[in-house]
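Visitor: Below: one structure in structure tokens.
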Amino acid sequence: MSDAAPPPAPALEQELNPWLAAETRFSEAADRLELDHGLRRVLRVPEREITTYIPVMLDDGRIEVFTGYRVHHSTARGPGKGGIRFAPDVSLDEVRALAAWMTWKGAVVNVPFGGAKGGVICNPTVMSQAELERVTRRYTANILEFLGPEKDVPAPDVNTNAQTMAWIMDTYSMHQRHTVTAVVTGKPLNLGGSRGRTEATGRGCRIVTEEALKRFSMKPEETTVVIQGFGNVGGMSAKLMHEHGFKIVSIIEWDGAVYNSNGLDIPKLMRHRADTGSIVDFPESEAIGLDEAMEQRCDVLLPAAKENMITSTNAERLQCRILCEGANGPTTVAADEILEKKGVFVIPDILANAGGVAVSYFEWVQNRQGFYWNEQQVNERQEEMMVAAFADTLEFAGKHKVNNRTAAYMLAVDRVAFATSLRGMYP
Ligand code: GLU
Numbered sequence: 002m003s004d005a006a007p008p009p010a011p012a013l014e015q016e017l018n019p020w021l022a023a024e025t026r027f028s029e030a031a032d033r034l035e036l037d038h039g040l041r042r043v044l045r046v047p048e049r050e051i052t053t054y055i056p057v058m059l060d061d062g063r064i065e066v067f068t069g070y071r072v073h074h075s076t077a078r079g080p081g082k083g084g085i086r087f088a089p090d091v092s093l094d095e096v097r098a099l100a101a102w103m104t105w106k107g108a109v110v111n112v113p114f115g116g117a118k119g120g121v122i123c124n125p126t127v128m129s130q131a132e133l134e135r136v137t138r139r140y141t142a143n144i145l146e147f148l149g150p151e152k153d154v155p156a157p158d159v160n161t162n163a164q165t166m167a168w169i170m171d172t173y174s175m176h177q178r179h180t181v182t183a184v185v186t187g188k189p190l191n192l193g194g195s196r197g198r199t200e201a202t203g204r205g206c207r208i209v210t211e212e213a214l215k216r217f218s219m220k221p222e223e224t225t226v227v228i229q230g231f232g233n234v235g236g237m238s239a240k241l242m243h244e245h246g247f248k249i250v251s252i253i254e255w256d257g258a259v260y261n262s263n264g265l266d267i268p269k270l271m272r273h274r275a276d277t278g279s280i281v282d283f284p285e286s287e288a289i290g291l292d293e294a295m296e297q298r299c300d301v302l303l304p305a306a307k308e309n310m311i312t313s314t315n316a317e318r319l320q321c322r323i324l325c326e327g328a329n330g331p332t333t334v335a336a337d338e339i340l341e342k343k344g345v346f347v348i349p350d351i352l353a354n355a356g357g358v359a360v361s362y363f364e365w366v367q368n369r370q371g372f373y374w375n376e377q378q379v380n381e382r383q384e385e386m387m388v389a390a391f392a393d394t395l396e397f398a399g400k401h402k403v404n405n406r407t408a409a410y411m412l413a414v415d416r417v418a419f420a421t422s423l424r425g426m427y428p
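The sequence shown begins at 2 in the working numbering and counts up one residue at a time.
Below, the structure written as structure tokens:
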């Protein structure tokens, strides 16, 4: 007998399949744009999907073979761009969806990149740094011919970070026989990383939330926020929103959630987590159930963990006015309909979390110029880009009388389709 949870019912399984979600949303945008049938067929599928098996010697001398993926969804507007995640539940459908979302995300903020994504099925929590380094280097070597500043430029994602990017950059550079910084973004600062990149996704969430508040004539100081996830995106969003006066009433992590009606002291909570390894038992807070925390009344709910956190099962119970999607794909298609009926103002993932790829673009530009910007320049340019993307999306929503998510997809699909048709079909 296995202890594994029973497989989800077919309808739920379908609802939770990220690739089906990506396709459904693309189709809706394509329908509304009355996109040419041929172009629709081109953009519906990825350009290339690589599956690679990664043999690695573990610290105890055993050999393990990991499975990795890299999917290029579109390179119509520029090199493939997108993160690499390490997690036990990575699947090809997930990586496919994430690659397509990168295409649309890059187009929403109008950076000259296509969309790509990578993943390796592994459990980083039980692996040593040395094992992670060997997996990263061998994965990079296995897909080497498909990477490059003009081909495909990875970045960090779930369970990968600046150190992972340094290993990829080094492996790629060793094969090229010279240092190529622009092959990845999200690198450490002293290896060609950009100022502001670590904070970029969180900063973007803060910027678009403030843009949304303006529409409701609300001020950050009167705005309560619940954040799910306290990793790079959730943590940085919390820190930057806290600095801007928002009241972060709850942080939800996988092992517990904390609540303070007057707003949590985020820097203190970060120190508590650094000292104890968890947000749980933070003195200036009350413990609260994970679902209860998600479903409490708040102005802004910011899911910043993984896909499928808001589904047909819990959407009805949410009590937020604004949903700012820090994660990729946190809301299922079925949940979307429920949120729309409830009148929730959704800032869709491909807009809300595009700050990461925006500053990745700045990093790539700086690497290629060999000329580095100060933090203020990076932050100002990011702000300008995201405010424009927010305005473009809302303008599409108004003009076509669609919700924000459909508007963002329409804007993106329109831009990518235009580039694709201008280039024409080869041969
Ligand atoms: N992993 C991030 C995302 O999902 C960043 C991608 C990038 O900068 O290329 O947007």
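In this text, a Cβ means the ideal position worked out from N, Cα and C, and glycines have one as well. Quick caveat, the model's predicted, so the values are computed rather than measured.
Candidates E29, L303, Q130: which alpha carbon is nearest I252's?
Guide: Counting from one through the sequence shown, the residue named residue 252 turns up at place 251. That would be L303, whose Cα lies nearest to the Cα of I252.
Visitor: What span of residues does the alpha helix (DSSP H) with L145 cover, start to end?
Guide: Residue mapping note: residue 145 aligns to position 144 of the sequence shown, counting from 1. Run containing L145: none; DSSP gives neither H nor E here.
Visitor: Shorter than 7 Å, the distance from the beta carbon of P157 to the closest heavy atom of the ligand GLU, or not?
Guide: For the purposes of this step, residue 157 is identified with residue 156 of the sequence shown, where counting begins at 1. Yes, the Cβ of P157 comes within 7 Å of a heavy atom of the ligand GLU.
Visitor: Taking only the alpha-carbon atoms, compute the straight-line gap between S3 and A10 and give it to the nearest angstrom.
Guide: What you label residue 3 is simply residue 2 of the sequence shown in a count that begins at 1. What you label residue 10 is simply residue 9 of the sequence shown in a count that begins at 1. Low confidence applies to S3: its pLDDT is 47, below 50, so where it sits in the model is not reliable enough to give any reading.
Visitor: Once you ignore the five residues that flank A117 on each side, which residues in its own chain have a CB closer than 7 Å to its CB?
Guide: Looking up residue 117 in the sequence shown gives position 116. Hits under 7 Å: R71, V72, H73, H74, G81, K82, G83, A100, M103, D153.
Visitor: Note the first and the last residue of the continuous alpha helix (DSSP H) segment covering Q377.
Guide: Translated into the one-based positions of the sequence shown, residue 377 becomes position 376. In this chain, the alpha helix (DSSP H) harbouring Q377 covers 376-401.
Visitor: Could you check if S238 is buried or exposed, using at least 16 other CB atoms within 10 Å of its CB as the buried criterion?
Guide: Along the sequence shown, read from residue 1 onward, the residue named residue 238 stands at position 237. It counts as buried.
Visitor: Compute the distance between the beta-carbons of M170 and V227, then report whether it is under 8 Å.
Guide: Here residue 170 is taken as the residue at index 169 of the sequence shown, counted from 1. Here residue 227 is taken as the residue at index 226 of the sequence shown, counted from 1. Against a cut-off of 8 Å, the Cβ pair of V227 and M170 comes out as no contact.
Visitor: Could you check whether the Cβ of K1 sits closer than 7 Å to any heavy atom belonging to the ligand GLU?
Guide: As displayed, the chain neither begins before 2 nor continues past 428, which places residue 1 out of reach and without an answer.
Visitor: By the DSSP assignment, the alpha helix (DSSP H) with Q164 in it spans what residues?
Guide: Locating residue 164 in the sequence shown gives position 163, where the first residue counts as 1. In the DSSP assignment, Q164 falls within the alpha helix (DSSP H) that extends over 163-177.
Visitor: Do the CB positions of E308 and P19 come within less than 8 Å of each other?
Guide: Counting from 1 along the sequence shown, the entry for residue 308 is found at position 307. Counting from 1 along the sequence shown, the entry for residue 19 is found at position 18. For E308 and P19, yes; Cβs fall inside 8 Å.
Visitor: Judging by CA-CA distance, which residue of V209, S218, G257 is the nearest neighbour of M242?
Guide: Within the sequence shown, residue 242 is the residue found at index 241, counting from 1. M242 has its Cα closest to that of V209, out of V209, S218, G257.
Visitor: Closer than 7 Å: is that where the CB of T186 sits relative to any heavy atom of the ligand GDP?
Guide: In terms of ligand content, the structure shown lacks the ligand GDP and carries the ligand GLU instead.
Visitor: What runs of the beta strand (DSSP E), each 3 residues or longer, lie entirely inside the region 264-306?
Guide: 287-289, 298-304
Visitor: Could you name the residues that DSSP lists as bridge partners for M242?
Guide: Mapped onto the sequence shown, residue 242 falls at position 241. Looking at the DSSP assignment, M242 forms no beta bridge with any residue, so it has no partner.
Visitor: Suppose the cutoff is 7 Å on Cβ atoms and the five residues either side in sequence are ignored; what does the same chain contact list for V136 look like?
Guide: Mapped onto the sequence shown, residue 136 falls at position 135. Cβ neighbours of V136 beyond the five flanking positions: I55, V57, F67, V121, C123.
Visitor: Using the three-state DSSP reduction, which class does M2 fall into: helix, strand or coil?
Guide: As a position in the sequence shown, residue 2 is number 1, starting the count at 1. Only weak support is given to the placement of M2: the predicted model assigns it a pLDDT of 42, under 50, and the question is left unresolved by the model.
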